[in-house]
Amino acid sequence: MTFDYHEACGWLARSTGYKRPYDRKNRPLDGLVPAYWQDICRELGEPRSAYRLVKVAGSKGKGITATLIAAALQAGGNSVGLTTSPHLVDQRERMVIDGEMVSEKEFAAAIERVAHAASEESDARTYFGAVMCGALTAFAKAAVDVCVAECGMGGANDATGFLKADVTVLTGVELEHTRQLGNDLESIAYEKAMAAAEMTPIVIPSLPNEAMEGVHRAAREKRLDIVRLKTADMDARSVCEALAKIACGLSQMPFDASGLSEVPVPCRDDERVFGSSRVLFDGAHTPQSLARIGRRYGDGSRFLLFSCTPGRDSEVLARALGNGWSKAYYAGPAETPPGFEKIATDSSVSLIRQGGDFVVTGSFHFAGEVMSMLGIRPFRQRS
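Just so we're aligned, residue 554 is where the sequence shown starts under this note's numbering, counting upward by one.
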């Protein structure tokens, strides 16, 4: 059987955790997932061996940094595959070649190859792993020079854990996903730093001392070369740009980072015009990231549309956003935080259609749903 695009999406929905994304996420990482996908990639002929690889791990800034690395390497004359997570509107956003989503035909062919290799039922057959491995095969078929891969929530024990990168970037460490990663910064930093392959460089920004203990522990075990960037006085975007430049320099590939400040990143400080509305989409979902959104955009002139995914504390996250909003709405499944008005997602879209200035934040899934309902597409499509 040959998959078309809808059949590929159907297989992902039936055979992976796509419709149950938090079933495994709410359990401690156990190493079964990377081992499973390593076996599948062997069945697929080790597609990763066809190109150089840069991995990006971290608590926040992963998607921005990965996108900027890919942009700088492409500007240097390389063909670049980029796989990030989550997608916003279209699953093909997880398979991007030279700045454009793969075609529906290319996506279907990649997922079909994965489906044949992963035919046996397994609890480790995760959606993230399936599409990531599909991306690896699509990049090999397209003969890219280099792949930039965003890690999942962890590093060593998520689906990317088996991938041996030439360079790894750790964008930052925060106290998040404690049920899966550990209850302290050292444990979380260790899990993420262990994404790096033995005897390779790992690029890191300024980190708290406790997190540095975790990085040093991983470095001792894997004999990593720690490349530190002093970022204490830099804003979030500047940190990502600086990390991207260093990673490109270590990749042994030609690159051009001169235009990084102009590179747009979907759903990261991503302002779109829709009719008479200006809508700022940002997938910020940690207290620190949401506090930055509040400081930057909460000047009393914008409406706030906020949601968060299951397992996160909606009241803590809402508090981080501050009170500087014309009106604040909450569209999430948890209890409505104080000071917010409950609103359904489709009603949020109706509100935007009426006109005004809005910030949509708290969850990539929520931002993507709003984008989809408005007909906004984050990436171009390959022909």
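We put the beta carbon where it would ideally sit given N, CA and C, even for glycine.
- Partner residues in the beta bridge of I779, as assigned by DSSP, are I755.
- Per the coordinates, the alpha-carbon of S925 lies some 45 Å from the alpha-carbon of R773.
- The Cβ-Cβ distance between A625 and A797 falls below 8 Å.
- Residue burial is scored here from C-beta neighbours: A748 has at least 16 other C-beta atoms within 10 angstroms and is therefore classed as buried.
- If you look at G682, you'll find it in the alpha helix (DSSP H) that goes Y680 to K694.
- Of the residues S903, Y589 and A668, the one whose Cα lies closest to the Cα of A566 is A668.
- With fewer than 16 other beta carbons inside 10 angstroms of its own, S903 counts as exposed.
- Taking every protein chain shown into account, the CB of D711 has 16 or more other CB atoms within 10 angstroms, so this residue is buried.
- DSSP places F919 within a helical segment (H, G or I) once states are collapsed to three.
- As computed with DSSP, D910 is found in a beta bridge with R831.
- Taking C-alpha positions only, S804 is separated from A702 by approximately 13 Å.
- Closest by C-alpha distance to H559, out of E665, G707, R601 and A709, is E665.
- Classified as exposed, G812 has fewer than 16 neighbouring CB atoms from the shown chains inside 10 Å of its CB.
- Taking the Cα positions, A696 is about 10 Å away from I650.
- Cβ atoms of F932 and S860 stay farther apart than 8 Å, at about 23 Å.
- For V720 against V607, the beta-carbon gap comes to about 5 Å, under 8 Å, which counts as contact.
- Contact holds between the segment 759–779 and the segment 736–745, because three or more Cβ pairs, one in each stretch, are under 8 Å apart.
- Minimum Cα-Cα distance from P819 among the listed residues G885, P587 and A619 corresponds to A619.
- For a cut-off of 8 Å, the C-beta gap from R855 to S879 is around 6 Å, short enough to register as a contact.
- According to the DSSP assignment, E673 belongs to no alpha helix (DSSP H), since it is labelled neither H nor E.
- Counting only residues of its own chain and dropping the five nearest sequence neighbours on each side, P807 has a CB closer than 7 Å to the CB of G629, G630 and N631.
- It is roughly 21 Å from the alpha-carbon of E751 to the alpha-carbon of K615.
- Out of G877, V609 and V642, the CA that lies nearest to the CA of M706 is found in V609.
- Taking every protein chain shown into account, the CB of T862 has 16 or more other CB atoms within 10 angstroms, so this residue is buried.
- In the three-state reduction of the DSSP assignment, G563 falls in the helix class, which pools H, G and I.
- For V720, the beta-bridge partners assigned by DSSP are V607.
- In the structure shown, G634 falls within a strand segment according to DSSP collapsed to helix, strand and coil.
- Taking the C-beta atoms as reference points, L782 is found no nearer than 8 Å to I755.
- Excluding sequence positions up to five before and after A588, its CB lies within less than 8 Å of the CB of A677 and F715, all in the same chain and listed in chain order.
- Shown here for C793: same chain residues with a beta carbon closer than 8 Å to its own, the five before and five after excluded, namely G614, I617, T618, L621 and T724 in chain order.
- Around the beta-carbon of A785, fewer than 16 other beta-carbon atoms lie within 10 Å, marking it exposed.
- Burial is judged here by how many other beta carbons sit within 10 angstroms of a residue's own beta carbon; G584 has fewer than 16 and is exposed.
- In this structure, the alpha-carbon of L843 lies about 24 Å from that of T636.
- Distance check between M787 and each of L760, K775, D809 and G853 places L760 closest, using alpha-carbon atoms only.
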